[in-house]
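The next block holds one structure in the form of structure tokens; read it before the comments.
2 protein chains.
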Amino acid sequence: MPPDLNLKVLPRTVQQETVDKLRLAIFSGVFEPGSRLIESQLCVQLGISRPSLREALRSLAAERLIDIVPNRGPSIPALTWEEVTAIYEVRELLEVEAVGLCSQRISDDQLRALQNALAAFETAASSNDALARVTTAADFYSIILANCGNPILEEIHRGLVARISLFRSRSMSMEGRAQNSLAEMKEICESIAARDENAAREASRNHVHNAMAAAKNSMDTEARL
Amino acid sequence: MPPDLNLKVLPRTVQQETVDKLRLAIFSGVFEPGSRLIESQLCVQLGISRPSLREALRSLAAERLIDIVPNRGPSIPALTWEEVTAIYEVRELLEVEAVGLCSQRISDDQLRALQNALAAFETAASSNDALARVTTAADFYSIILANCGNPILEEIHRGLVARISLFRSRSMSMEGRAQNSLAEMKEICESIAARDENAAREASRNHVHNAMAAAKNSMDTEARL
DNA sequence: GATTGAAAGAATGTCTGACAATCCTGTTGA
DNA sequence: TCAACAGGATTGTCAGACATTCTTTCAATC
Chain A
27 MPPDLNLKVL
37 PRTVQQETVD
47 KLRLAIFSGV
57 FEPGSRLIES
67 QLCVQLGISR
77 PSLREALRSL
87 AAERLIDIVP
97 NRGPSIPALT
107 WEEVTAIYEV
117 RELLEVEAVG
127 LCSQRISDDQ
137 LRALQNALAA
147 FETAASSNDA
157 LARVTTAADF
167 YSIILANCGN
177 PILEEIHRGL
187 VARISLFRSR
197 SMSMEGRAQN
207 SLAEMKEICE
217 SIAARDENAA
227 REASRNHVHN
237 AMAAAKNSMD
247 TEARL
Chain B
27 MPPDLNLKVL
37 PRTVQQETVD
47 KLRLAIFSGV
57 FEPGSRLIES
67 QLCVQLGISR
77 PSLREALRSL
87 AAERLIDIVP
97 NRGPSIPALT
107 WEEVTAIYEV
117 RELLEVEAVG
127 LCSQRISDDQ
137 LRALQNALAA
147 FETAASSNDA
157 LARVTTAADF
167 YSIILANCGN
177 PILEEIHRGL
187 VARISLFRSR
197 SMSMEGRAQN
207 SLAEMKEICE
217 SIAARDENAA
227 REASRNHVHN
237 AMAAAKNSMD
247 TEARL
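One line per chain: the protein sequences are A and B, in this order. Positions 27 to 251 (my numbering) are the ones given, in order, by the first sequence. Positions 27 to 251 (my numbering) are the ones given, in order, by the second sequence.
Here you go:
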């Protein structure tokens with residue numbers, strides 16, 4: 027028998043499905059930031075019981091994707107700009123490190139996958155499909171983080187990016203940001219392909235900086251509405 | 027009325043109490059790594075119902091303090107050395123940054139608090155009270171992280187350190203480690219007091235490196251038993 | 001003797017229903 | 001106008017139940 031044959035499909039529980047569904051809903055902006063989530067409503071909408079829903083909500087609260095205040099229940103956090111900044115700063119710390127490590131560790135196979143992901147983003151960046159932009163960009167990062175050699179770095183980065191997903195999709199929809207982003211990502215990808223760690227780190231730092239600036243920009247725009 | 031008088035004590039729910047109790051129990055090594063947690067037993071021991079317990083377990087699972095496998099239930103993760111290394115590497119990244127930021131941002135008041143915490147650790151390091159060593163050391167870091175100006179950095183660092191708490195308390199009990207640790211922490215504290223960012227970062231990096239080496243040492247010792 | 005198979009027991013996943021405590025809101029009264 | 005108060009809405013918590021799945025034991029077979 028092949029040693030790494032992992033046919034064992036983990037059974038999906040209602041709780042897990044619910045966490046995934048809610049997480050996706052939060053990413054998609056289904057819930058207004060600051061709005062409260064009513065357990066009874068969600069139960070009906072999701073077709074599950076209250077205990078299962080509550081377990082899922084506790085998971086999301088621990089991930090900081092929702093807030094839960096005793097006797098008030100869960101709500102979507104309305105992030106302040108200070109919090110968003112703090113998240114972007116830590117994201118920079120982690121992402122620059124991941125890109126640097128990745129440039130030294132990625133295999134040729136995975137490098138090709140990275141270039142394919144970049145190509146996919148290039149296509150999406152020229153389209154009007156906002157969702158495709160976000161998902162293809164996510165794929166690109168995902169490959170980098172998966173090849174930095176440190177699964178903890180990957181895990182924490184994913185958690186952080188999740189918390190600012192709304193800002194990212196908003197800023198990615200702004201005029202010109204996708205094209206700028208594309209140029210920055212090309213720079214990262216090329217530096218990695220050249221195995222140039224310093225250049226890769228610098229490109230990554232630049233990318234996160236610009237992403238933060240774009241997020242601030244979109245946040246200010248939003249505030250004026 | 028004083029504007030910032032926050033008398034409103036958040037009501038403590040059974041779920042929160044349970045999370046705290048279990049977290050503390052895990053830190054203290056009450057549960058053997060790898061051992062399974064039986065819901066019905068915990069319910070009786072904690073005097074709570076199964077739904078409340080399960081909510082608490084979901085929180086802990088999201089924090090990665092326990093594993094939950096569908097249809098097998100919760101268990102204490104048995105970390106491999108690779109995972110511990112990965113955690114220490116990310117901890118270094120975050121902690122060095124926090125120390126560097128702290129050296130530029132900490133107030134004189136908080137600096138005194140930091141020096142007091144160091145003195146408390148010095149006392150504990152000479153004693154035989156292993157618990158006191160760990161808690162006073164935690165206080166020291168806690169002040170640094172609270173004064174780095176980035177609450178996200180603080181939050182993630184706390185989560186990471188929690189996951190390796192057992193290794194830290196084990197290595198801190200090893201002959202000589204507490205004294206070495208003390209010397210390293212003095213170096214950090216003095217660099218911060220001198221507002222010397224580079225020296226502070228270097229001292230911090232050195233400290234985490236040594237802590238990781240000590241953890242590996244204690245892990246190897248443990249494995250030989 | 002080792003391996004397979006079945007059956008019993010244990011533990012988890014999930015639901016329903018219930019009730020007290022708390023929060024929010026709109027109305028009433030001063 | 002403002003404060004107190006009732007009412008409804010929502011959450012926190014529990015008890016109990018049952019199907020599903022895992023684990024272990026024991027017997028049967030090769």
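Backbone N, C-alpha and C define an ideal beta-carbon position, used for all residues, glycine too. The structure displayed is predicted, hence computed values, not measured ones.
Checklist entry - Leaving out five residues before and five after B:N236 in sequence, what residues of the same chain have Cβ atoms less than 8 Å from its Cβ? => result N206, S207 and E210, listed in sequence order.
Next on the checklist: Taking the alpha carbon of A:R38 as the reference point, which residue from B:E216, B:T106, B:R194 and B:V95 has its own alpha carbon closest?
Outcome noted: The residue with the shortest Cα to Cα distance from A:R38 is B:V95.
Item to check | Coil, strand or helix - B:S292 by DSSP | outcome: In the structure displayed, chain B extends from 27 to 251; residue 292 of chain B sits before or after that span and is not available.
Next on the checklist: Here's the rule I'm using: 16 or more other beta-carbon atoms within 10 Å means buried, otherwise exposed. How should A:G126 be labelled?
Outcome noted: Around the beta-carbon of A:G126, 16 or more other beta-carbon atoms lie within 10 Å, marking it buried.
Checklist entry - List, in order along the chain, the chain A residues whose C-beta lies closer than 8 Å to that of B:T44? => result Correct list: empty, because the minimum Cβ distance to chain A is about 11 Å.
Checklist entry - Alpha carbon to alpha carbon, how far is A:R138 from B:N232? => result Each residue's alpha carbon lies about 37 Å from the other.
Item to check | chain A contact residues for B:V40, given Cβ-Cβ distances below 8 Å | outcome: Going along chain A, no residue has its Cβ under 8 Å from B:V40, so there is no contact; the nearest lies around 10 Å.
Checklist entry - Would the stretch 84-92 of chain B and the stretch 46-60 of chain B be scored as touching if the rule is three or more Cβ pairs under 8 Å? => result Enough Cβ pairs lie closer than 8 Å, so yes.
Next on the checklist: As an exercise, report each continuous alpha helix (DSSP H) stretch of at least 4 residues that is fully enclosed by the stretch 104-169 of chain B, in chain order.
Outcome noted: Listed in chain order, they are 107-131 and 134-152.
Next on the checklist: Checking the sheet assignment: what are the DSSP bridge partners for A:D93?
Outcome noted: By DSSP's assignment, A:D93 forms a beta bridge with A:S101.
Checklist entry - At least one CB of chain A closer than 8 Å to the CB of B:R231: is that the case? => result Judged by the 8 Å Cβ criterion, B:R231 is not in contact with chain A.
Checklist entry - alpha helix (DSSP H) containing A:I218: first to last residue? => result For A:I218, the uninterrupted alpha helix (DSSP H) run begins and ends at R203 to A219, by DSSP.
Item to check | Same chain, Cβ closer than 6 Å to A:S199, five either side skipped, listed in chain order | outcome: Answer for A:S199: A156, listed in chain order.
Checklist entry - Within the 8 Å Cβ cut-off, does B:A112 reach chain A? => result The beta-carbon of B:A112 is placed less than 8 Å from the nearest beta-carbon of chain A.
Checklist entry - Is the Cβ of B:N236 closer than 8 Å to any Cβ of chain A? => result So no, B:N236 is outside the interface.
Checklist entry - For B:R227, does the three-state DSSP call read helix, strand or coil? => result B:R227: helix per DSSP, three-state reduction.
Next on the checklist: Please state whether the Cβ-Cβ distance between B:C69 and B:C128 is less than 8 Å.
Outcome noted: Result no, Cβ atoms of B:C69 and B:C128 do not sit closer than 8 Å.
Checklist entry - Residue range of the alpha helix (DSSP H) that B:G185 falls in? => result Its alpha helix (DSSP H) spans residues P177 to R189.
Next on the checklist: Check whether chain B comes within 8 Å of A:T247, counting only Cβ atoms and requiring the distance to be less than that.
Outcome noted: No, its Cβ sits nowhere closer than 8 Å to a Cβ of chain B.
Item to check | DSSP state of B:R38 mapped onto helix, strand, coil | outcome: In the structure shown, B:R38 sits in coil (DSSP, three-state: anything other than H, G, I, E or B).
Checklist entry - List, in order along the chain, the chain B residues whose C-beta lies closer than 8 Å to that of A:R84? => result Within chain B, the residues Q41, E81, A82, R84, S85 and A88 have their CB atoms less than 8 Å from the CB of A:R84, given in chain order.
Item to check | Residue burial classification, B:N176 (beta-carbon count within 10 angstroms, cutoff 16) | outcome: Result: buried.
Checklist entry - Any Cβ of chain B within less than 8 Å of the Cβ of A:E123? => result A:E123 counts as touching chain B.
Next on the checklist: For B:E118 and B:A104, I'd like the C-alpha separation in whole angstroms.
Outcome noted: One C-alpha to the other measures close to 22 Å.
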